[in-house]
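Undergrad: Heads up: the sequence lines are chains A and B, in that order. Under the UniProt record's numbering, the first residue of the first sequence carries the number 1, and numbering increases by one thereafter. Under the UniProt record's numbering, the first residue of the second sequence carries the number 1, and numbering increases by one thereafter. In this text, a Cβ means the ideal position worked out from N, Cα and C, and glycines have one as well. Since we're looking at a predicted model, the values are computed, not measured. Sending over a structure as structure tokens; questions will come in a sec.
2 protein chains.
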Amino acid sequence: MSDASARTTPGTSDWRTLCKVRKAAQNASIPEEWKISVPPDTSADVRSVTEDCGLLSPRELDIIDLGTKDVSVLVRLLADKHSGYTSVEVTTAYLKSAIIAHQVTNCLTEIFVEHALYRAREVDQYMVERGEPMGPLHGLPISLKDQFTMRGLETIMGYACNIGKFAENDCVLVEILYELGAVPFVRTNVPQTLMWGETHNNVFGRTVNPYNRKLTPGGSSGGEGALLAMRGSPLGVGTDIDGSLRIPSAFCGLYTLRPSYERLPYHGAANTLMGQESISSVLGPMATSISALKLFTKAIIDSRPWDHDPLAIRKAWNEDEYRLIEHGYGKGMCFAILWDNKVVRPHPPLIRAMNMVKEALEKEGHQVIDWEPLNHIDIYKNAQTILVADGGEEYRMSCEASGEPLITSMSPDEDPHPFDLEVSLVKSLLWQLHTEKRALRKAYLDHWNATTTRTNTGRLVDAIISPAVAYTACPHGLNYDSFYTTLGNAMDYACAVFPVTFVDPKLDLPVDPHDFHNHEDEAFYKLYHPDVFPGVPVGLQLLGRTLEEEAVIGMVELVDAAVKKHAFDRV
Amino acid sequence: MSDASARTTPGTSDWRTLCKVRKAAQNASIPEEWKISVPPDTSADVRSVTEDCGLLSPRELDIIDLGTKDVSVLVRLLADKHSGYTSVEVTTAYLKSAIIAHQVTNCLTEIFVEHALYRAREVDQYMVERGEPMGPLHGLPISLKDQFTMRGLETIMGYACNIGKFAENDCVLVEILYELGAVPFVRTNVPQTLMWGETHNNVFGRTVNPYNRKLTPGGSSGGEGALLAMRGSPLGVGTDIDGSLRIPSAFCGLYTLRPSYERLPYHGAANTLMGQESISSVLGPMATSISALKLFTKAIIDSRPWDHDPLAIRKAWNEDEYRLIEHGYGKGMCFAILWDNKVVRPHPPLIRAMNMVKEALEKEGHQVIDWEPLNHIDIYKNAQTILVADGGEEYRMSCEASGEPLITSMSPDEDPHPFDLEVSLVKSLLWQLHTEKRALRKAYLDHWNATTTRTNTGRLVDAIISPAVAYTACPHGLNYDSFYTTLGNAMDYACAVFPVTFVDPKLDLPVDPHDFHNHEDEAFYKLYHPDVFPGVPVGLQLLGRTLEEEAVIGMVELVDAAVKKHAFDRV
């Protein structure tokens, strides 16, 4: 027993045991027949192991090759019932390949062979029965960063405290992937806190780069990076709050897209710095083939993620923009290169790479100019300060929950790196409120979605009509009502107000008191005397869904026209 | 001298004087010939004063009538060079009408007759010279809430401390309105702090409801409410963080649209709770005619506000959605009515109004059902807690800057209203960071926009190409670089990473040290030895603009194809 473990305080042995048990469970989830003879540590580049180990049949190796070169070709084959490729076969090939990758790079967290094959069979059965694919990702195995919650599985996300917490629901992304016919088949490793550009944690350990195991695959989507570089997945999904898609993609030779905030649906995924909405983490595809970017992004957007995620932006896939309609249709464009951001200068390979791009573009008839950096250090400091605004409170709490130590260096010898930008630590309770608000928005959205069972249109309720204020224009000093308007702000629904009639003391007689909801309700009740308000206008509110301004205008015009047409029916 | 003023502390006389002088300046900005004989306070409904006072000619009254009934008709006349209507004539009519409205409701802040008429002449001149309208709002006078900054004017926004601070720039909305041919002609009153549903402040005093001057017009866009109800503007622009468009519209018989966050461009406008992005204030049109909603919203969106406001969502006006394509094209829809939100029950006039709507819709063949409220009190409390998250710090600082007291009640007799929801006060420094980030994003956007002068395409730079990381895959523990990726996160640019080549020690030779930017730059320089990195991939990053995922994918495919095509040119 070392000195370190002799100093073990009560509780700390628990996290070590917990991690050991969890790691053993992971090992046990690997089928015995898929265990390979792992090359010695001195073997740096392990990429050929997939083929050399002999676990995959020639046909399975062909499948892996296909998916590596162009995932869209693999998808086309899976969608063609006469192609002879089934999801079970493709998923099996990738399960084997992923598990090989894991054994040499430690890239996986959740390994669920039976679950994945069950899903693949379901998808194949669909094809047999209907003769058509389930969706644009029919039968495709997809790997997921260890944030994308799946019902029945833990989401360890680099913290021992998450061991044994099994999810009750799929996150929205996984729901959509199922809708589209995909087959989630493994989840991939991340660093503790998610806020490192490498991939190491106390539960699953360190992920290494298959190009050279002495090197990092980057992070925080480093498990994906290593897996994909090993040809262990045709398409992976990672996340990016500060480079976490792009760093491992750059380090592992992959393609990725980091979409803007809220274009793709993050709701329900586990995350770090929960409730921090100043710089939102985003999800995106990672792959060895470039076709994965459009395939994945278009498929997800075409599924209308805004119907499921209250924060996802309601904005359809625009094929014209994809065709560069706003960029000269891709002809005679002008590119700018940032050679040096005046914070750190790139290494020579990057300068060369940029020169290669410059030349290639110029040969294609494009202009290439220098990009002038502006405020890069200010931008960086601002962003980093935002990202530590809780003073590390969440990290500490997540560690304390299990007793595991906070990892303060990604170095194997645990030497803290001296690099420090001296960001000031601040505290914010806003994040808790964001989290609460997000949950409330989701609940309201689900609630609205559930109205299909109560309409006879086959659709949801189209709009809500309500007061804008509980009363009409009231005496100075007495208006304290935003009870009817706050909903629109907090849920961010597009809504309109329109005038309907005027207070008429003959028609608007006081009513008997009801069972008051609360003190304010009573005060409001007592406020009403028809003689105080005669002739003042009575407006109402129409609420549509988030980003539905046009429809709200159209609907309020329709409502208004209808009201006007029949205004005198009742009087 | 009353007891209250006897207790006046040093400095407080300054704010009183300041406000008195500013109010006198406002009075002085009213042309003498437009001053009317104001009816006595006992005259509650003052709406007929516009006509009765005799200031407007019959033709001017016809113009006001036109704009009141249907602003789009007025706009069509202004856009028709043969109609006989000029912007000067229309603007003059509305200036008179607005100034009449102000004299009876105290609805205005900035009155700039000469400036407005100068602009109207400019627009008319454009028509004479070009024979066509300047834009979809050609010649239209538009009133603006006292938040929409205009170059050369103060933006008092309800605080004495803003007296004497003259803006150097127009806000983005005003820039766009000028582009579209509009004529901003008055600005309208707001409450101190903007966070009241009424309209009163120490500088300009209280705005009253023209339907009944004993009543409030609502707030915080209450100056607009009163002005529009007086037919003093054909179209106004207000804002809404918690009901501020909808309350005065309901109270003053107007139409409004509260769009979702960031659909319309807020950048550069003054605001309360600066940097608070959890529940964003939005701007929207207010008018007596429903056509104003589409007219204004479509015109602003068609102007591509996202080109000018980094937070504005890049989402085109969709005429199909306006035609209710997703709502059965407006046929056989289902509406739901929220009769009572279980917090406060609406007054009888509102119940009746809802019944009128229900009947009208049912007669038109629509289904009308009850809306079941969900969590309304939780939603309300959450939102209110967010809105006081700085513990009132900004209000206090804004008041302390001039010495004026914080208004704690909207009641004329200053009795504090007992109503209190007991929201807990919290503190957050995040808001300061949001403010800083917003300014940095704007600066970067302007910077990018300025590249038109350096390209030969007639457009901006189409995309930025840069490293994703300053180096390639590095040894464990040494990756501390997000200097190249943070830009994308903080600016929220869509960006992609793509592989270009591999490190080749023969080609990628070390270079001599440069003049290091800083310690990190030096450390990174020293990190490079080609022998450490042989054969590892070299990826790059392509950055597009916010919400430009499709174009980024299209561009990275193009770049990638070009790189592949010419990969061996150089080697």
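Would you list the one or two residues that DSSP bridges to GLU154(B)?
TA: Translated into positions along the second sequence, residue 154(B) becomes position 154. In DSSP, GLU154(B) forms a bridge with PHE166(B).
Undergrad: Under the rule that 16 or more other beta-carbon atoms within 10 Å means buried, what is ALA567(A), buried or exposed?
TA: In the first sequence, residue 567(A) corresponds to position 567, counting from 1. Exposed is the call here.
Undergrad: Between VAL71(A) and SER289(A), how many whole angstroms is the CB-CB distance? I'm expecting something under 8 Å.
TA: As a position in the first sequence, residue 71(A) is number 71, starting the count at 1. As a position in the first sequence, residue 289(A) is number 289, starting the count at 1. That pair is a contact at about 5 Å.
Undergrad: Cβ closer than 8 Å: which chain B residues qualify as neighbours of CYS252(A)?
TA: For the purposes of this step, residue 252(A) is taken as residue 252 along the first sequence, with counting starting at 1. Neighbours of CYS252(A) on chain B, chain order: ALA473, PRO537.
Undergrad: Cβ of HIS267(A) within 8 Å of Cβ of LEU311(A)?
TA: Working through the first sequence from its first residue, we reach residue 267(A) at position 267. Working through the first sequence from its first residue, we reach residue 311(A) at position 311. Cβ distance < 8 Å, so HIS267(A) and LEU311(A) count as in contact.
Undergrad: Following the continuous alpha helix (DSSP H) through VAL104(B), name the residue where it begins and the one where it ends.
TA: Locating residue 104(B) in the second sequence gives position 104, where the first residue counts as 1. Its alpha helix (DSSP H) spans residues 87–105.
Undergrad: Using only CA atoms, which one of LEU77(B), ARG454(B), THR193(B), SER37(B) lies nearest to MET397(B)?
TA: Translated into positions along the second sequence, residue 397(B) becomes position 397. Nearest C-alpha to MET397(B): THR193(B).
Undergrad: Taking the alpha-carbon positions, what's the LYS437(B) to ILE313(A) distance?
TA: Taking the first residue of the second sequence as 1, we reach residue 437(B) at position 437. Taking the first residue of the first sequence as 1, we reach residue 313(A) at position 313. Spanning the two alpha carbons is a distance of roughly 21 Å.
Undergrad: Kindly indicate the opening and closing residues of the alpha helix (DSSP H) around CYS399(A).
TA: Residue mapping note: residue 399(A) aligns to position 399 of the first sequence, counting from 1. Where CYS399(A) is concerned, the enclosing alpha helix (DSSP H) stretches over 393–400.
Undergrad: Return no unless some Cβ of chain A is closer than 8 Å to the Cβ of HIS411(B).
TA: Residue numbering aside, residue 411(B) sits at position 411 when the second sequence is read from its first letter. Checking the displayed sequence, the identity of residue 411(B) turns out to be Ser instead of His. Yes, because at least one Cβ of chain A sits closer than 8 Å to the Cβ of SER411(B).
Undergrad: Below 8 Å between beta carbons is the criterion; list the residues of the segment 322–333 of chain A that meet it against any residue of chain B, in chain order.
TA: So the close ones are TYR322, ARG323, LEU324, GLU326, HIS327, GLY328, GLY330, GLY332, MET333.
Undergrad: Assign VAL469(A) to one of three DSSP states: helix, strand, or coil.
TA: Locating residue 469(A) in the first sequence gives position 469, counting from the first residue. Three-state result, VAL469(A): coil.
Undergrad: Ordered along the chain, which non-local residues of its own chain (more than five positions away) have a Cβ less than 6 Å from that of ILE407(B)?
TA: Here residue 407(B) corresponds to residue number 407 of the second sequence, with the count starting at 1. Excluding positions up to five away in sequence, the list reads GLN192.
Undergrad: Pairing CB atoms from the segment 491–505 of chain A with CB atoms from the segment 525–539 of chain A, are three or more of them under 8 Å?
TA: Because the criterion of three Cβ pairs below 8 Å is met, the segment 491–505 of chain A and the segment 525–539 of chain A touch.
Undergrad: Rounded to whole angstroms, what is the Cα-Cα separation between GLU394(A) and SER143(A)?
TA: The count along the first sequence starts at 1 and reaches residue 394(A) at position 394. The count along the first sequence starts at 1 and reaches residue 143(A) at position 143. Near 27 Å, if we compare the C-alpha coordinates of SER143(A) and GLU394(A).
Undergrad: Can you find a C-beta in chain B that's less than 8 Å from the C-beta of TYR266(A)?
TA: Along the first sequence, read from residue 1 onward, the residue named residue 266(A) stands at position 266. No - not a single Cβ of chain B is within 8 Å of the one on TYR266(A).
Undergrad: Would you kindly report the start and end of the unbroken beta strand (DSSP E) that includes THR256(B)?
TA: Against the second sequence, residue 256(B) aligns to sequence position 256. From DSSP, the beta strand (DSSP E) with THR256(B) extends over 255–258.
Undergrad: Determine the DSSP secondary structure at THR453(A), reduced to helix, strand or coil.
TA: The sequence position of residue 453(A) within the first sequence is 453, counting from 1. In the structure shown, THR453(A) sits in a helix (DSSP, three-state: H, G or I).
Undergrad: From the DSSP output, in three-state form, read off THR42(B) for me.
TA: For the purposes of this step, residue 42(B) is taken as residue 42 along the second sequence, with counting starting at 1. In this structure, THR42(B) counts as coil in the three-state DSSP scheme.
Undergrad: Within the 8 Å Cβ cut-off, does GLN26(B) reach chain A?
TA: Here residue 26(B) refers to the residue found at position 26 of the second sequence. Not one chain A Cβ lies under 8 Å of GLN26(B).
Undergrad: Where does GLU319(B) sit, in a helix, a strand or coil, going by DSSP?
TA: Looking up residue 319(B) in the second sequence gives position 319. The answer is helix: DSSP assigns GLU319(B) an H, G or I state.
Undergrad: Closest to PRO217(A) by CA distance: which of GLY205(A), PRO234(A), THR199(A) is it?
TA: Walking along the first sequence from the start, residue 217(A) turns up at place 217. Cα-wise, what sits closest to PRO217(A) is THR199(A).
Undergrad: Please confirm whether PRO40(B) has its beta-carbon closer than 8 Å to some beta-carbon of chain A.
TA: As a first step, residue 40(B) is located in the second sequence; it is residue number 40 there, counting from the start. Taking Cβ atoms only, chain A never reaches closer than 8 Å to PRO40(B), which makes this a no.
Undergrad: Go ahead and label VAL49(A) buried or exposed: buried means 16 or more other beta carbons lie within 10 angstroms of its beta carbon, across all protein chains shown.
TA: The residue given as residue 49(A) occupies position 49 in the first sequence. By the 10 Å Cβ count, VAL49(A) comes out buried.
Undergrad: What residue does the alpha helix (DSSP H) around THR199(B) start on, and which one ends it?
TA: Here residue 199(B) corresponds to residue number 199 of the second sequence, with the count starting at 1. Careful: THR199(B) lies outside any alpha helix (DSSP H) and carries neither H nor E.
Undergrad: Kindly indicate which residue of CYS107(B), GLY328(B), MET274(B) has the alpha-carbon position closest to the one of CYS252(B).
TA: On the second sequence, position 252 is the one that residue 252(B) refers to. With distances taken between Cα atoms, CYS252(B) lies closest to CYS107(B).
Undergrad: May I ask you to list the residues that DSSP assigns as paired with ASN209(B)?
TA: Indexing the second sequence from 1 puts residue 209(B) at position 209. ASN212(B).
Undergrad: What in chain B is Cβ-close to GLN367(A), meaning under 8 Å?
TA: Residue mapping note: residue 367(A) aligns to position 367 of the first sequence, counting from 1. In chain order: THR455, ASN456, THR457.
Undergrad: Of all the options LYS298(B), LEU235(B), ARG441(B), GLY223(B), which has the alpha carbon lying nearest to the alpha carbon of residue 572(B)?
TA: Since the first residue shown for chain B is 1 and the last is 571, residue 572(B) is missing from the structure and cannot be characterised.
Undergrad: According to DSSP, is PRO234(B) helix, strand or coil?
TA: Residue mapping note: residue 234(B) aligns to position 234 of the second sequence, counting from 1. Coil, per DSSP.
Undergrad: For ASN201(B), is the classification buried or exposed, using 16 other Cβ atoms within 10 angstroms of its Cβ as the cut-off for buried?
TA: Translated into the one-based positions of the second sequence, residue 201(B) becomes position 201. Per the 10 Å Cβ criterion, buried.
Undergrad: Which same chain residues end up closer than 8 Å to GLU154(A) when comparing Cβ atoms and leaving out the 5 residues on each side of it in sequence?
TA: Against the first sequence, residue 154(A) aligns to sequence position 154. Cβ within range, chain order: GLU110, ASN162, ILE163, GLY164, LYS165, PHE166, ALA167.
Undergrad: For TRP317(B), which residues in chain A fall below 8 Å Cβ to Cβ?
TA: Position 317 of the second sequence, counted from the start, is the residue given in the question as residue 317(B). Here the neighbours are GLU550.
Undergrad: Taking only the alpha-carbon atoms, compute the straight-line gap between MET230(B) and TYR94(B) and give it to the nearest angstrom.
TA: Taking the first residue of the second sequence as position 1, residue 230(B) is located at position 230. Taking the first residue of the second sequence as position 1, residue 94(B) is located at position 94. Those two C-alpha atoms are separated by around 11 Å.
Undergrad: Determine the direct distance from the alpha carbon of ARG459(A) to that of THR451(A), and round the result to whole angstroms.
TA: Looking up residue 451(A) in the first sequence gives position 451. Looking up residue 459(A) in the first sequence gives position 459. If I take the Cα positions, the gap works out to 8 Å.
Undergrad: List, in order along the chain, the chain B residues whose C-beta lies closer than 9 Å to that of LEU540(A)?
TA: For this step, residue 540(A) is matched to residue 540 along the first sequence. Within chain B, the residues near LEU540(A) are ALA250, LEU350, ALA353, MET354, VAL357.
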